[in-house]
Amino acid sequence: MISTKQKHNNNVAILISPGFAENDVVYCLSQMRAAGLPTSLLGASTQTTPGQHGLLVVPDYSLDELDSHVYFRLIIIPGSYECVTNLLMAPGFHTQVKEYGSLDGAHGRIAILTEAEKALQQAKLFVNASDKIWRQSDQTLESFCQQLIQFAQDHSLTHPL
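Numbering-wise, the numbering used here puts 132 at position 88 of the sequence shown, and it's gapless, one number per residue.
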């Protein structure tokens, strides 16, 4: 099981719920942490969460337990239709993503991986173009993740909370 509690402002959050795409989550998590970015797994609950292929992960925090003093520079919504569907049903998802991802504020950005985009479009979320919402689209996961790391490193240095 993977779990480490890291609670810092200026950090990165990767959202997970049952059925998350293990490759996407583990790759992004390991790359972000290897780059020295405080990165938290943010789940629909704090219970052990199974991935698509059985990997069990314990989220660092649940969507419901975050307080108003934690701000994310970047929230990543990983692939898997099942994961996104579960997140959409989780209490607090819409509020937390808007508040902590700050679509209407100055705090951070939301990154949507390719498979997540399909489910979010069906739910009519994040369909409008915005400079605060980045989509993986046709980029490889590796390339997109490197862009996200660069943003998080640069933004944390130049725009402290």
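Cβ atoms here follow ideal geometry from the backbone N, Cα and C, with glycine treated the same way.
| Query | Result |
| --- | --- |
| Nearest neighbour of P135, chosen from A167, S106, V102 [CA to CA] | S106 |
| E66 vs L99 beta-carbon contact at 7 Å | yes |
| Short Cβ contact (7 Å threshold) for L59 with L131 | yes |
| Burial state of A155, where buried means 16 or more other Cβ atoms lie within 10 Å | buried |
| Exposure of G186, with buried meaning 16 or more beta-carbon neighbours within 10 Å | The sequence as given places Glu at residue 186; Gly does not occur at that position. Exposed. |
| Proximal residues to D68 (C-beta, below 7 Å), its chain only, five neighbours per side dropped | P122, G123, L157, L185 |
| Alpha carbon of G95 to alpha carbon of G63, nearest angstrom | 4 Å |
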